[in-house]
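**Student:** If you use the UniProt record's numbering, the sequence shown closes out at 239, no skipped numbers anywhere.
Using N, Cα and C, we set each Cβ at its ideal position, and we do this for glycine too.
As the structure is a computational prediction, the values presented were derived from the model and not from experiment.
One structure, as structure tokens, below. Some questions next.
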Amino acid sequence: MSFHQQFFTLNNGNKIPAIAIIGTGTRWYKNEETDATFSNSLVEQIVYALKLPGIIHIDAAEIYRTYPEVGKALSLTEKPRNEIFLTDKYSTQIKVSDSPAEGLDLALKKMGTDYVDLYLLHSPFVSKEANGFSLEEAWKDMEQLYKSGKAKNIGVSNFAVEDLQRILKVAEVKPQVNQIEFSPFLQNQTPGIYKFCQEHDILLEAYSPLGPLQKKTAQDDSQPFFRIRERVIREIYQI
1 MSFHQQFFTL NNGNKIPAIA IIGTGTRWYK NEETDATFSN SLVEQIVYAL KLPGIIHIDA
61 AEIYRTYPEV GKALSLTEKP RNEIFLTDKY STQIKVSDSP AEGLDLALKK MGTDYVDLYL
121 LHSPFVSKEA NGFSLEEAWK DMEQLYKSGK AKNIGVSNFA VEDLQRILKV AEVKPQVNQI
181 EFSPFLQNQT PGIYKFCQEH DILLEAYSPL GPLQKKTAQD DSQPFFRIRE RVIREIYQI
């Protein structure tokens, strides 16, 4: 059986898988941000995903504390690096590193790779007072990582319109991606964000797109989304 994978083209011409075969979001494998327990289960899940055809997207982040597991899985796979799309995210909410540049250097070392395919600012909550640098300065750091090749693409996560506007005022390199919670039940995490990203050629990437479906019960069957399921005879996640 042939396999055909679709991609989105980013504003720099690079491509990102449109739908991950298994987007191994590493967020859910540590109970707490400070949990240092090595998760063999996560390694097994990533290794399994990497045996599937196509470009496999691994979603990591400084705050997830799972670089060792991602690195172990990468060392065990036979899949070429150019068939792995690796995302990492820098966070100011935990004191692991002092800047996006330092954060990525540490991440690359722990994961045993020379670059990430996508590097994101995990949130807009950056200030001179709390972090020693502003949001605009953080973005300049991101641009240097992009120019150096350590990050093939750069972007943001959980950014509202006003946060993106601040970055765009100083940007030499526009964010390629804004990763936000997005689903049929949440189509604007913050007011106007979907339209703004479309107008500025910033790809809106969804996290937890199926999450709300797991919380729905039989009483929700009256909602239009669930009625569509009955009409087209598809599973909810396919719709």
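1. Would you mind sorting Leu76 into buried or exposed? The rule is 16 or more other CB atoms within 10 Å of its CB.
2. Apart from the five residues just before and just after Glu136, which ones in its own chain have a Cβ nearer than 6 Å to its Cβ?
3. Put Asp88 into one of helix, strand or coil per three-state DSSP.
4. State whether the region 144-151 contacts the region 43-63, with contact taken as three or more CB pairs (one from each stretch) at a distance under 8 Å.
5. Taking His122 and Ala60 to be in contact with their CB atoms under 8 Å, please state how far apart those CB atoms are, rounded to whole angstroms.
6. Determine the direct distance from the alpha carbon of Leu74 to that of Ile55, and round the result to whole angstroms.
7. Determine whether the beta carbon atoms of Leu106 and Ser97 lie at a separation below 8 Å.
8. So, under 8 Å CB-CB, Ile84 and Leu50 are touching, yes? Tell me the CB distance rounded to an integer number of Å.
9. Taking Gln179 as part of the alpha helix (DSSP H), name the residues at either end of that continuous run.
10. Starting from the C-beta of Val173, find all residues in its chain whose C-beta is less than 7 Å away, skip the five residues before and the five after it, and write them out in chain order.
11. Measure how close the beta-carbons of Ile167 and Ile180 come, nearest whole angstrom, since I'm counting them as under 8 Å.
12. For Leu104, tell me which candidate among Thr9, Tyr67, Lys128, Leu164 has the shortest Cα-Cα distance.
13. Among Asn82, Glu199, Ser39, His4, whose alpha-carbon lies nearest the alpha-carbon of Asn14?
14. Given that a residue counts as buried once 16 or more other Cβ atoms are within 10 Å of its Cβ, and exposed if not, what is Thr9?
15. Per DSSP, which one or two residues make a beta bridge with residue 256?
16. Counting C-beta neighbours from all protein chains within 10 Å, is the total for Leu164 16 or more, i.e. buried, or is it exposed?
17. Does the distance from the CB of Thr92 to the CB of Leu120 come in under 8 Å?
18. Quick one: what's got a C-beta closer than 7 Å to Gly112's C-beta in the same chain, skipping five residues either side?
19. What does a CB cutoff of less than 6 Å around Asn5 pick up in its chain, not counting 5 residues either side in sequence?
20. What do you reckon, is the C-beta of Glu129 under 7 Å from a heavy atom of the ligand SAM?
21. When we look at the beta-carbon of Gln198 and count the other beta-carbons within 10 Å, is it buried (16 or more) or exposed?
22. Let me confirm a value: Ser41 is counted as buried when at least 16 other C-beta atoms fall within 10 Å, else exposed. Which label applies?
**Tutor:** Well, looking at it:
1. Translated into positions along the sequence shown, residue 76 becomes position 76. The residue is exposed, with fewer than 16 neighbouring Cβ atoms inside 10 Å.
2. Taking the sequence shown and counting its residues from 1, the one referred to as residue 136 is at position 136. These residues qualify, in order along the chain: Val170.
3. Your numbering for residue 88 matches position 88 in the sequence shown. Strand, per DSSP.
4. Here the region 144-151 makes no contact with the region 43-63; the two share fewer than three CB pairs at distances below 8 Å.
5. Counted from its first residue, the sequence shown places residue 122 at position 122. Counted from its first residue, the sequence shown places residue 60 at position 60. Contact doesn't hold; Cβ gap of about 11 Å is too wide.
6. The residue you call residue 55 lines up with position 55 of the sequence shown. The residue you call residue 74 lines up with position 74 of the sequence shown. Linking Ile55 to Leu74 through their CA atoms gives a straight-line distance of about 14 Å.
7. Your numbering for residue 106 matches position 106 in the sequence shown. Your numbering for residue 97 matches position 97 in the sequence shown. In this structure, Ser97 lies closer than 8 Å to Leu106 by Cβ.
8. Your numbering for residue 84 matches position 84 in the sequence shown. Your numbering for residue 50 matches position 50 in the sequence shown. Yes, they are in contact, since the Cβ atoms of Ile84 and Leu50 sit about 7 Å apart, within 8 Å.
9. Taking the first residue of the sequence shown as position 1, residue 179 is located at position 179. Here Gln179 belongs to no alpha helix (DSSP H); instead the beta strand (DSSP E) covers 177-181.
10. Position 173 of the sequence shown, counted from the first residue, corresponds to residue 173. Hits under 7 Å: Glu143, Tyr146, Ile154.
11. Along the sequence shown, one-based indexing puts residue 167 at 167. Along the sequence shown, one-based indexing puts residue 180 at 180. Actually they do not touch by this definition, with Cβ atoms about 15 Å apart.
12. Reading the sequence shown from its first residue, position 104 is the one you call residue 104. Minimum Cα-Cα distance from Leu104 among the listed residues Thr9, Tyr67, Lys128, Leu164 corresponds to Tyr67.
13. Taking the first residue of the sequence shown as 1, we reach residue 14 at position 14. Of the candidates Asn82, Glu199, Ser39, His4, the one whose C-alpha sits nearest the C-alpha of Asn14 is Asn82.
14. Sequence index remark: in the sequence shown, residue 9 carries index 9 (1-based). By the neighbour-count rule (16 or more Cβ atoms within 10 Å), Thr9 is not buried but exposed.
15. The structure shown does not extend to residue 256, since the chain is modelled only from 1 through 239, so no value can be given for it.
16. Walking along the sequence shown from the start, residue 164 turns up at place 164. Buried is the call here.
17. Taking the sequence shown and counting its residues from 1, the one referred to as residue 92 is at position 92. Taking the sequence shown and counting its residues from 1, the one referred to as residue 120 is at position 120. No.
18. Translated into the one-based positions of the sequence shown, residue 112 becomes position 112. Correct list, in chain order: Gly71, Leu74, Ser75.
19. Here residue 5 refers to the residue found at position 5 when the sequence shown is read from its first residue. One detail in the question is off: residue 5 reads as Gln in this sequence, not Asn. So the list reads Gly54, once near-sequence residues are dropped.
20. Among the components of this structure there are no ligands whatsoever, and the ligand SAM is therefore not found.
21. Along the sequence shown, one-based indexing puts residue 198 at 198. Exposed, because fewer than 16 other Cβ atoms sit within 10 Å of the Cβ of Gln198.
22. Looking up residue 41 in the sequence shown gives position 41. Ser41 should be labelled exposed.
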